[in-house]
Every structure is written in structure tokens, then in C-alpha cells.
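Numbering (the numbering used here), first residue to last: 78 to 903. All C-beta atoms in this analysis are idealised placements derived from N, C-alpha and C, irrespective of residue type, glycine included. Source: prediction; values computed, not measured.
Below, the structure written as C-alpha cells:
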């Protein structure tokens with residue numbers, strides 16, 4: 078089963094609120110499971126399994142890339158070792174070890190290990206999958222019943238005869254409007270739709286059964302190999318699981334050609350194709366940008382389009398990939414024209430298939446969205462006015478080799494500041510209209526509510542209840558357009574907080590956070606829910622045309638991207654070269670301070686350097702490439718220099734103290750309250766190992782200058798940063814690196830203008846170039862400053878960035894931001 082005959086078996090991590098069931102691997106039948114010494118689920122020996130290209134043997138052609146040996150045989154020395162355990166226990170231990178020896182499909186295996194941890198164990202994931210199947214049946218049957226089996230003239234009292242011909246004289250019941258034997262009178266199109274839904278549901282049942290079969294093996298791996306019970310998962314970080322896998326590698330030989338395995342190996346396997354998508358978005362190859370009248374350019378990346386692109390590029394039968402390897406023809410530039418024409422044909426096929434199944438996809442998404450929003454709006458009438466990070470924004474700010482829960486941890490921490498930043502902008506004209514409309518709607522709803530309370534017969538009058546409900550919705554919408562009267566105007570500080578978490582924002586936003594242009598650009602990252610739903614509902618209509626008229630003409634660029642940015646790594650297969658996080662290859666001299674240019678195209682926005690910092694922060698034991706290690710050393714040296722200059726200003730050079738600027742840029746006039754450093758559902762969502770900032774950034778600097786660290790700690794606490802989070806260190810390092818980048822740009826500009834490098838950074842200036850409120854004198858402060866407060870609303874239910882990808886709500890949590898699952902995607 079783990080050596081599947083289809084590339085679809087390579088489970089990928091999805092997010093962006095897609096349905097998790099979409100991610101189950103395809104299969105044609107459920108294979109029998111025999112509890113033998115070797116685990117047939119993991120090492121089936123399929124001719125087209127991962128072992129085929131990785132392993133050379135008598136039946137495998139010679140591999141020019143020097144693959145590992147075809148079989149793994151435990152050395153005789155293991156049998157000769159003295160074993161103090163009883164023979165029966167030793168035999169049982171060896172039997173258990175052989176079960177995990179030489180796993181063929183390691184991408185699939187490690188991805189399911191990750192899914193199992195994030196999903197909360199076998200029972201939780203199984204219940205989610207089964208309820209997902211039941212939900213699909215409910216949506217189809219419930220919709221069919223109300224479309225075909227109800228006589229609405231009887232229900233709305235437009236006629237006095239029931240569906241059975243009985244005269245209605247008294248109070249009507251719902252059964253009077255139900256059409257008897259409606260199944261025999263279904264419309265032919267409805268019957269066709271039901272048949273298609275039935276076939277799809279049966280395939281979902283088979284996929285789910287196969288997926289749970291594999292997940293059961295993962296449960297055995299956790300229990301027998303890692304010694305982790307399901308009850309422990311919620312209080313165990315992913316980093317701890319990775320460390321246990323690294324420890325058992327020597328004994329279990331999960332990877333046949335290595336005695337040791339490192340966290341980067343696991344990340345590269347789990348995120349093999351995700352890293353390509355991140356790189357494509359970073360290089361502005363994806364997504365398509367649509368020019369909307371009166372709005373401007375809008376990146377369009379709904380889940381439906383993303384799902385089709387992944388099938389075309391990675392998981393389809395005609396994709397450039399064969400398991401963990403890029404097909405050999407894609408590594409020869411002479412095949413560029415042929416491969417481009419082939420991909421154009423494939424894209425055209427997907428486009429026409431999407432066009433053919435458009436009615437079914439569109440109908441299901443409308444129904445699912447309606448049922449979901451009905452419950453949500455009843456619970457929170459302002460639900461459509463809340464914000465979430467868009468699919469485009471999630472990929473734009475995602476690091477290379479960043480797992481979904483690590484990304485979501487950053488987005489969760491930034492949500493309160495991003496929401497407060499967007500609330501800084503409002504139209505006074507809109508405010509005036511909103512207040513007056515809310516007044517009128519409130520008066521109408523209030524009077525009708527009082528009359529209904531006085532005499533309930535008022536509710537029997539036609540449309541009275543409808544008017545009250547509509548007025549209530551109007552009031553909620555209008556209140557969303559009225560700014561808080563205690564709002565403090567400080568967009569620069571709020572955007573600095575957002576930047577420290579998102580890491581990737583355009584440098585041009587510096588000092589321009591108050592402008593409408595920056596607000597519009599940031600809104601592409603942080604969109605309203607109704608915009609998200611509009612994109613999802615329009616996806617079945619627009620996706621076929623985008624595939625035909627945008628993706629198809631860009632196939633040459635996609636083929637060339639795979640050729641130029643794929644590199645083979647021993648024991649891993651082909652990976653995106655950006656995922657290696659090698660500063661020498663894809664670094665930017667303006668970000669890393671190197672005097673040499675990279676050997677390949679640098680990543681935009683300093684993504685290579687920031688990814689190096691992030692991975693080194695969340696995985697302290699990582700051994701980076703030599704150039705990346707030198708970058709980290711230079712970065713930490715400058716950090717230590719600025720720490721020393723914080724207490725001894727005489728040591729401050731011309732560069733200024735970027736560390737203090739970075740911290741000061743986060744200090745607002747009022748510290749946000751009621752912020753929890755951990756996510757609400759346990760340690761398994763935490764990014765990085767357990768510990769505090771004192772265990773990462775400050776612990777290192779404390780050895781250099783304890784006095785300065787104490788001062789820095791107080792500043793961080795004043796800014797509201799949670800010091801017991803690994804992300805806190807990354808926030809400071811992000812702003813610090815961005816400051817170094819800006820400093821480099823100023824030096825280059827000054828040198829080009831003939832001024833040399835004498836221009837220094839003003840240490841009293843924040844990283845975004847505005848004075849802090851604590852530095853303003855009384856004449857600069859507003860008159861009601863003593864009564865003002867910064868409006869920082871905590872994450873309300875349905876506003877936090879919980880799990881989708883990326884791609885499905887990949888962790889299975891049913892939250893308010895969940896998109897309609899693309900059950901019917903072609």
C-alpha cells in the first residue's frame with residue numbers, strides 16, 4: 078500500500094480551508110492486510126514505488142545518480158551484540174523493528190505521520206472522515222427533498238388542498254406539503270446528478286477506507302516505535318515527534334541509505350511539492366491576476382483553481398512528476414518545446430473537463446455554502462464582515478519548509494494586529510450614512526419587537542418577522558462601518574507588528590502604512606470573508622477559462638521553472654532548489670550582506686534568508702549549508718554588537734542600533750490585553766520546540782550582556798510580545814534583518830550618489846520610520862490621549878487563522894473560515 082502504483086498515493090499537506098477528504102489517496106481496491114514480519118503497507122515492493130528509482134537492483138536499470146542499494150540487510154554485528162533482554166522479548170523487538178524497515182513510499186509515510194499528530198490520533202481522524210461522508214449524503218438528500226418533494230403552494234397556503242387531495246380546513250402541518258412517492262417523479266437532470274453524486278460518494282468511501290487502513294499502520298508506528306499514545310498527542314509538539322523519529326532511525330532504518338535522519342529530511346519529504354508552489358508564488362509565476370473594474374488588480378487563487386493546478390503540475394497521470402522524481406525529459410532543455418506542447422494539451426483537457434462538470438460543481442458549492450452560512454450568520458450576524466488571510470496571502474508569506482501548523486501559528490498571532498490595522502481606515506461619508514441607516518432600521522425593529530411582545534398575534538401578520546430579521550442584519554452591517562470612538566490612530570506601529578509575524582511585506586510600505594494604496598495592497602493578503610466566499614463560488618465559473626486562457630499560455634514558463642529549480646539530493650529524490658535554503662544559491666546579497674552574487678536566481682523579498690532564520694529558530698539542531706551557516710554567524714554577530722551598544726552607547730557605530738529600532742517599532746502606547754501565548758487547542762499546534770524566547774534569542778545574548786538583555790526583555794513585554802513563544806524571537810529577528818536590508822539599500826544608494834557609506838540610521842526612529850508615541854511631547858499628543866486606547870480585539874470564534882492549505886481544512890477542525898469542499902472538482 079505504501080508502494081502504491083499511482084503518484085496520487087503521495088499524500089500532500091493541504092491548507093487554505095480545503096476539505097481533508099480530498100487529500101485521501103486514490104486506490105482501486107482495498108488490499109488485504111496480513112500481519113507478517115514485514116509491513117506490506119509500507120514496503121510492498123511495487124515496481125513503480127519510490128524504491129524503483131531510489132534503489133538499483135537486477136531488475137532496475139542503472140541510475141546515473143548513484144542510488145542506494147536495492148535492499149537493506151541489517152549487519153551481522155547486530156545479531157552478535159549482547160542483548161540483556163530475554164529471548165522472547167528480543168525476538169518481539171526485532172519483529173517490531175522489521176515492520177518499519179525500509180519503507181518505500183517515505184513521502185506518504187512521513188506526511189501521514191504529520192497528519193496523525195496534527196489530527197489528534199486515529200479515532201479523531203476516523204470520526205472526521207466518516208462524518209464527512211455522512212455530511213455529503215445529507216447535503217445531497219436534503220437538497221433533493223426540498224427541491225423535488227415539497228409542494229410550496231400548499232406550504233405557503235396558496236391553495237387549500239394537500240398533496241394527497243385532502244381539503245385543508247384547520248391548521249396545516251408540514252406533511253400536508255410533502256409529495257407522496259416523489260422519488261418516482263424526479264426530473265431527469267436530478268436523477269443524472271444523483272447518479273454522479275453516488276459514483277463520487279462510492280469512490281470517496283473506498284478512498285476513506287484505504288486512508289484509514291494506512292492510518293491504522295501509523296497508529297502502530299506511534300505506539301510501538303515512537304512509544305507515543307494518542308492521549309499524549311495534544312500535549313506533544315511536532316518538534317518532539319521529529320526528535321523521536323531521528324532517534325529511532327538508527328534502530329529502525331526507516332530510510333535505507335542513511336544511519337541518521339535530520340528534521341530537514343522530513344520537512345523536504347512532507348513539503349516536496351508545497352515548496353514548489355511557495356517558490357512559484359514568490360517568483361510571481363502564480364497566481365493569475367485579474368483586473369477588476371473599479372477595484373484594480375486582484376490575485377485570484379481560490380481552492381478550486383489551486384486544486385486543478387496541483388493535479389496538473391504534481392499529482393496527475395500526465396504531470397511532470399513520477400513519485401519523488403521529476404521525469405528525466407524535464408531535465409533536458411532540448412525538450413522544452415515538446416514538453417510545453419504536452420502541458421498545453423493537458424491544461425486544455427482539464428479546462429474542458431471543468432467546463433463540462435461546471436453545473437454540478439457550482440450547484441454543490443452553492444448548497445454547501447448556504448447550509449454553512451445559515452448556521453454561522455444565525456450565530457454571528459457580522460460573520461461576513463470578519464477577515465481572514467487569503468490563499469494568495471498564505472502562500473506569499475509562507476517560508477520554505479514551513480509546515481501548515483507553523484504557518485497558522487504566525488497568522489494567528491498576527492490576526493489581532495492585522496484586524497486593528499484595517500480598522501484604522503474608514504470613510505467619514507460612509508460613517509454618516511451608516512449611522513442614519515442604523516437609526517432607521519433600529520427604530521423599525523424596536524417598534525415591531527415591542528408590539529410583538531405586547532401581542533403575539535402581530536407576528537402572524539405577513540412579513541413582520543422578515544422585516545425584524547432584515548432590520549437586525551442591517552443594523553449589524555452598519556455597525557461594522559462605524560469606527561470605534563476610542564480608536565487610536567497609529568497604523569505604522571500596527572503594521573510593524575504585522576510585519577514582524579508575516580515577515581514578507583513589500584519594502585515600499587515603509588513609512589506609507591497610513592496611505593490608501595498600502596491598505597488596498599494589504600487587503601489582498603487579509604480579505605473579508607464575503608470576498609473569500611465570492612471567489613470560491615466564482616471558481617467553478619472562472620477556473621475553466623483561467624486554465625484555458627491564462628495557465629495554458631504560461632506553460633513554457635512552468636516547464637522552464639521545473640528545469641531551472643530542481644535539484645537531486647541523495648536519499649531524498651528531486652526537490653525544489655529553493656527548499657535547500659542555500660544562501661549561496663538563492664540568496665540576495667542585499668539581504669545577507671554577502672559580497673558574492675548567488676549562483677542562481679535569488680528569491681524575492683529575502684525569502685531565502687528569512688526561511689533560514691525561521692528554520693534555525695524552530696529547529697535549533699539543524700545543520701545548514703555552509704553559506705547559510707556563515708549568514709547566520711554574521712547575523713548573530715551584528716545582533717550581539719547591537720546588544721552591547723544598547724548598554725554602552727559609545728560602541729555604537731555608524732550603522733545605528735537596529736535591534737533597539739526593531740523593538741521600539743513594536744511598542745505602542747497601550748499594551749494589548751488578554752493575549753494568550755499558546756493556541757487554544759494544545760501544544761501540538763505550537764511552532765518549534767517548547768521553551769521561551771529566553772531559550773533561543775535572549776539566552777544567547779545574555780552571555781554577552783545581561784544588562785542589555787534585561788532592558789530588551791522589558792521593552793518586549795511592553796510591546797505585548799509573548800516571551801514564552803518561539804515566534805517571539807523570530808519576530809525580532811525578522812525586523813532586525815529587514816533593518817539590515819534597508820541599511821544595505823541606503824548604503825548602495827549613497828555610494829551611487831557619491832556620498833560613500835557615511836549615512837547612518839537614526840536610532841530614535843522605528844523600523845518603519847515614525848516616532849514612537851512614548852517619544853512624543855505633550856504638544857504632539859491628542860487632547861483626549863489620557864482616555865484613548867488602542868483597539869485590539871482578540872480573536873473571536875471564526876476569526877482566527879485555523880487550519881485549512883494550504884491547502885481542505887487539513888486538520889479537520891470545523892471552523893467558521895472553512896471553505897466549501899471541492900468534492901466535485903475534476
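What are the start and end residues of the beta strand (DSSP E) that includes residue 368?
-> Taking the first residue of the chain shown as position 1, residue 368 is located at position 291. Going by DSSP, residue 368 is part of the beta strand (DSSP E) stretching over 366-369.
Between the Cα of residue 707 and the Cα atoms of 719, 484, 689 and 460, which residue gives the shortest distance?
-> As a working mapping, residue 707 is identified with position 630 in the chain shown. If you compare the alpha carbons of 719, 484, 689 and 460 with that of residue 707, the shortest gap goes to 689.
Which stretch, first to last residue, makes up the beta strand (DSSP E) that contains residue 323?
-> To locate residue 323, count along the chain shown from 1; it is residue 246. Residue range 315-329 is occupied by the alpha helix (DSSP H) that includes residue 323, with no beta strand (DSSP E) assigned at that position.
With contact counted as at least three CB pairs below 8 Å, one residue from each stretch, are the region 581-592 and the region 480-491 in contact?
-> Taking 8 Å as the limit for Cβ pairs, the verdict is that the region 480-491 does not touch the region 581-592.
Can you tell me the Cα-Cα spacing of residue 213 and residue 251, whole angstroms?
-> Locating residue 213 in the chain shown gives position 136, where the first residue counts as 1. Locating residue 251 in the chain shown gives position 174, where the first residue counts as 1. Cα to Cα, the separation comes out at about 25 Å.
Out of 345, 563, 501 and 460, point me to the one whose CA is closest to residue 692's CA.
-> Position 615 of the chain shown, counting from 1, holds the residue named residue 692. Proximity to residue 692 across 345, 563, 501 and 460 peaks at 345, based on C-alpha coordinates.
Which value, in whole angstroms, describes the spacing of the CA atoms of residue 519 and residue 458?
-> The count along the chain shown starts at 1 and reaches residue 519 at position 442. The count along the chain shown starts at 1 and reaches residue 458 at position 381. Each residue's Cα considered, the two are about 15 Å apart.
Return yes when the Cβ of residue 390 is within less than 9 Å of the Cβ of residue 637, no when it is not.
-> In the chain shown, counting from the first residue as 1, residue 637 sits at position 560. In the chain shown, counting from the first residue as 1, residue 390 sits at position 313. In this structure, residue 390 does not lie closer than 9 Å to residue 637 by Cβ.
Please state whether DSSP places residue 465 in a helix, a strand or coil.
-> On the chain shown, residue 465 is found 388 positions in, with the first residue counted as 1. It is a strand residue.
Please report the residue range of the alpha helix (DSSP H) in which residue 456 lies.
-> If you number the chain shown from 1, residue 456 lands on position 379. That run of the alpha helix (DSSP H) goes 435-456.
In this structure, what does DSSP give as the bridge partners for residue 650?
-> Your numbering for residue 650 matches position 573 in the chain shown. Bridge partners of residue 650: 646.
Just mark residue 305 as buried or exposed, buried being the case when its beta carbon has 16 or more other beta carbons within 10 Å.
-> Counting from 1 along the chain shown, the entry for residue 305 is found at position 228. Buried: at least 16 other Cβ atoms inside 10 Å.
Unbroken alpha helix (DSSP H) run spanning residue 519, endpoints | Residue numbering aside, residue 519 sits at position 442 when the chain shown is read from its first letter. 505-531 is the span of the alpha helix (DSSP H), which, as asked, contains residue 519.
Between which two residues does the beta strand (DSSP E) carrying residue 604 extend?
-> The sequence position of residue 604 within the chain shown is 527, counting from 1. DSSP places residue 604 in the uninterrupted beta strand (DSSP E) bounded by 603-605.
Any 3 or more C-beta pairs closer than 8 Å across the region 557-569 and the region 495-511 = Yes, since at least three Cβ pairs between the region 557-569 and the region 495-511 fall closer than 8 Å, the two stretches touch.
Return the CA-CA distance between residue 308 and residue 235, expressed in angstroms with no decimal places.
-> Your numbering for residue 308 matches position 231 in the chain shown. Your numbering for residue 235 matches position 158 in the chain shown. One C-alpha to the other measures close to 58 Å.
Under three-state DSSP, which class holds residue 299?
-> What you label residue 299 is simply residue 222 of the chain shown in a count that begins at 1. Looking at residue 299 - three-state DSSP - the assignment turns out to be helix.
Excluding the five sequence neighbours on either side, which residues of its own chain have a C-beta within less than 7 Å of the C-beta of residue 273, listed in chain order?
-> The residue given as residue 273 occupies position 196 in the chain shown. If we look at residue 273 and ignore the five residues flanking it on each side, its Cβ neighbours are 437.
Within its chain, find whatever has a CB closer than 6 Å to the CB of residue 612; leave out the 5 residues flanking it on each side and keep chain order.
-> Residue 612 sits at position 535 when you count from the first residue of the chain shown. Closer than 6 Å at the Cβ level, and outside the excluded window around residue 612, lie 379.
Short Cβ contact (9 Å threshold) for residue 642 with residue 655 | Within the chain shown, residue 642 is the residue found at index 565, counting from 1. Within the chain shown, residue 655 is the residue found at index 578, counting from 1. Residue 642 places its beta carbon less than 9 Å from that of residue 655.
With respect to the beta strand (DSSP E) encompassing residue 375, which residues constitute its N-terminal and C-terminal limits?
-> Your numbering for residue 375 matches position 298 in the chain shown. That run of the beta strand (DSSP E) goes 373-376.
Give the straight-line distance between the Cα atoms of residue 771 and residue 711, rounded to the nearest whole angstrom.
-> Within the chain shown, the letter at position 694 stands for residue 771. Within the chain shown, the letter at position 634 stands for residue 711. Per-residue confidence for residue 771 stands at a pLDDT of 43, beneath the threshold of 50, marking its modelled position as unreliable; the derived number appears in the next sentence. Those two C-alpha atoms are separated by around 21 Å.
Can you tell me which of the three DSSP states residue 384 falls into?
-> Position 307 of the chain shown holds residue 384. Helix, per DSSP.
Going by DSSP, what residues sit across from residue 403 in a beta bridge?
-> Within the chain shown, the letter at position 326 stands for residue 403. Looking at the DSSP assignment, residue 403 forms a beta bridge with 398.
Apart from the five residues just before and just after residue 703, which ones in its own chain have a Cβ nearer than 8 Å to its Cβ?
-> Position 626 of the chain shown, counting from 1, holds the residue named residue 703. Excluding residues within five positions, the ones whose Cβ falls inside 8 Å are 661.
So, are the CB atoms of residue 580 and residue 420 less than 9 Å apart?
-> Stepping through the chain shown from its first residue, residue 580 is reached at position 503. Stepping through the chain shown from its first residue, residue 420 is reached at position 343. Cβ atoms of residue 580 and residue 420: not closer than 9 Å.
Would you kindly check if the distance between the Cβ of residue 515 and the Cβ of residue 545 is under 9 Å?
-> Sequence index remark: in the chain shown, residue 545 carries index 468 (1-based). Sequence index remark: in the chain shown, residue 515 carries index 438 (1-based). No; because the gap between Cβ atoms is not below 9 Å, this pair is not in contact.
Give me the Cα-Cα distance between residue 375 and residue 366, rounded to the nearest whole angstrom.
-> Against the chain shown, residue 375 aligns to sequence position 298. Against the chain shown, residue 366 aligns to sequence position 289. So the alpha carbons of these two residues sit roughly 5 Å apart.
For residue 578 versus residue 490, is the C-beta spacing smaller than 9 Å?
-> Working through the chain shown from its first residue, we reach residue 578 at position 501. Working through the chain shown from its first residue, we reach residue 490 at position 413. Against a cut-off of 9 Å, the Cβ pair of residue 490 and residue 578 comes out as a contact.
What are the complete beta strand (DSSP E) segments, minimum 3 residues, inside the region 529-597?
-> Within the region 529-597, not a single complete beta strand (DSSP E) segment reaches 3 residues in length.
Rounded C-alpha distance that separates residue 264 from residue 506 = Taking the chain shown and counting its residues from 1, the one referred to as residue 264 is at position 187. Taking the chain shown and counting its residues from 1, the one referred to as residue 506 is at position 429. Taking the straight line joining both Cα atoms gives about 51 Å.
Is the beta carbon of residue 685 less than 9 Å from the beta carbon of residue 477?
-> Against the chain shown, residue 685 aligns to sequence position 608. Against the chain shown, residue 477 aligns to sequence position 400. With contacts defined by Cβ atoms closer than 9 Å, residue 685 and residue 477 form a contacting pair.
Take residue 818 and list the residues in its own chain whose beta-carbon comes closer than 7 Å to its own, dropping the five residues that flank it on each side.
-> Counted from its first residue, the chain shown places residue 818 at position 741. Closer than 7 Å at Cβ, skipping near neighbours: 667, 668 and 683.
Assign residue 493 to one of three DSSP states: helix, strand, or coil.
-> Numbered from 1 along the chain shown, position 416 holds the residue referred to as residue 493. Here DSSP, grouped into helix, strand and coil, assigns residue 493 to helix.
Backbone CA spacing between residue 37 and residue 653 [nearest angstrom] = The displayed coordinates of the chain run from 78 to 903. Any statement about residue 37 would go beyond what the structure contains.
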